[in-house]
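Quick notes on the structure that follows.
In UniProt numbering, the protein residues as written are 1 to 498.
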């Protein structure tokens, strides 16, 4: 299909992945176009086009007035396919990323599930005769309970890339019957964890999820280790997350972030902005995007180009500039920002704990600088978030996590408009700051990661409440976060102290 990041392609790849997993067989009904549109929260047209594409590729047969017929899987034997061999390195990496990220995301999804959804979940879990599908639906419901389209987008792309690799590896290593029993035990553990969350036993739920993580990924680890050297000459495909299904204009987002930095005094009047290459690297966009950004700042009278020297800051922005950026204040952009902030709050403790032992001295110094120079307003959190996100992007040994956090950094630019007035104070900032500063000064990576996770959650709660009070009621759909007193998400990965 031509547009790889379109809604149509997302639906196509997701449904093809489910066909590869063996869903919709043995009399199980294939979803209608209305079901698909509702499930993926899109209009009728992309759902219909995705179904037509599945039919063109010989995977299904659409029958007017009758149920859709499943004809074939995308691959007869996925583990023997060229696609699997080309993705092997990325699959190993993605498996490690999921092992790290999924427990914390699943825990919060279960905590967010209301009683009606919980009852419906238990009913559906008993209806399906497909063990893999019951496990799939359990985790899918946890994701949907977060009310976060950005997280769903991430897992759609992950699922499309994985296809049936985990299930096929399990079947090959344990056999079909033993593999199904294993999946049943995992689903039971997941349901027990959900019950713990419903009864507010969050620590018990977390322990179950961490134990389940170990059991689930041990088979794939062993299998990947055996294959790693066999296909090392194959040209490898990388995992890419496309959170924006369609073209995205980033220059406005980068421009408002730069205006905020100028207002915060990080680029005073008379100084030059970093070069286009440096800015492109910082924001993970092309130099063409940065050139358009600078043109926009010049038009607004914020900067001017000096031939042979660079771009000079000539004025600070004022609130009248928000008229130029009104498109960035619409609910769609701010919701994307809050969803991305929720994803950061869910995963940051595990990711920071995993990454810091691998950081260069330069990266550690950047965190030190951000902490020591942080003011007491919203810009302070932004400085520390930016430094830690950049450290993950630069130094995390896991390519999938680097990819996810690189895209997250761009998504968070949707909220730059919120800090345009740099005087906004953050409640309880002294306590948050002390926890961060003390742990980092002590060189205790796990304590710093925990403190950073607390800060990310605090930022999410503060800004969600602010958007709510300013009349953006749809943020209510994005789930609040539950704190667990103990946290062991990074225990298998953290490197301890410096």
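Glycine is no exception: its CB is placed at the ideal position from the N, C-alpha and C atoms.
- Assigned with DSSP and collapsed to three states, residue 391 falls in helix.
- Collapsing the DSSP output to three states places residue 432 in a helix.
- Here residue 356 is buried: its Cβ has 16 or more other Cβ atoms, across all protein chains shown, within 10 Å.
- A direct Cα-to-Cα measurement between residue 448 and residue 440 gives close to 6 Å.
- 402 is the residue among 10, 402, 53 and 116 whose C-alpha sits nearest the C-alpha of residue 344.
- With respect to the C-alpha of residue 459, the residue from 64, 444 and 384 having the closest C-alpha is 384.
- The Cβ-Cβ distance between residue 339 and residue 482 does not fall below 8 Å.
- Check the Cα spacing between residue 155 and each of 106, 461 and 457: the tightest is with 106.
- Cβ contact annotation for residue 334 (same chain, cutoff 7 Å, sequence separation greater than five): 414, 415, 467 and 472, in chain order.
- According to DSSP, residue 312 shares a beta bridge with 272 and 304.
- Setting aside the 5 residues that flank it on each side, residue 474 is surrounded in the same chain by 331 and 335, each with a C-beta closer than 7 Å to its C-beta; the list follows chain order.
- In the assembly as shown, residue 465 is an exposed residue. Its beta-carbon has fewer than 16 other beta-carbons within 10 Å.
- Looking at the backbone, the Cα of residue 159 and that of residue 12 are separated by about 12 Å.
- Taking C-alpha positions only, residue 264 is separated from residue 291 by approximately 22 Å.
- The beta carbon of residue 93 sits closer than 8 Å to the beta carbons of 239, 398, 399 and 400 from its chain, once the five residues preceding and following it are set aside; these are given in chain order.
- In the DSSP annotation of this structure, the continuous segment of the alpha helix (DSSP H) that includes residue 168 starts and ends at 165 to 174.
- With contact defined as three or more Cβ pairs closer than 8 Å, the segment 40 to 50 and the segment 81 to 89 are not in contact.
- Shown here, residue 482 sits in coil according to DSSP, grouped into three states, outside any helix or strand.
- Contact fails between the segment 111 to 127 and the segment 61 to 73, because fewer than three Cβ pairs, one in each stretch, are under 8 Å apart.
- Secondary-structure assignment with DSSP links residue 61 through a beta bridge to 69.
- Following the DSSP letters along the chain, one finds residue 298 inside the alpha helix (DSSP H) bounded by residues 287 to 299.
- The residues 339, 342, 343, 478 and 479, in chain order, have a CB closer than 8 Å to that of residue 148 in the same chain once the five nearest residues on each side in sequence are set aside.
- Between the beta-carbon of residue 437 and that of residue 367 there is about 11 Å, and that puts the pair past the 8 Å contact cut.
- Residue 159: member of the alpha helix (DSSP H) spanning 149 to 162, first to last residue.
- Restricting attention to 260, 211 and 412, the CA atom closest to the CA of residue 456 is found in 412.
- Approximately 10 Å separates the beta-carbon atoms of residue 68 and residue 59; this is outside 8 Å, ruling out the contact.
- With contact defined as three or more Cβ pairs closer than 8 Å, the segment 258 to 274 and the segment 176 to 184 are not in contact.
- Residue 112 is positioned such that its CB atom lies closer than 8 Å to that of residue 146.
- DSSP places residue 444 within a strand segment (E or B) once states are collapsed to three.
- Per DSSP, the continuous alpha helix (DSSP H) segment holding residue 93 begins and ends at 82 to 112.
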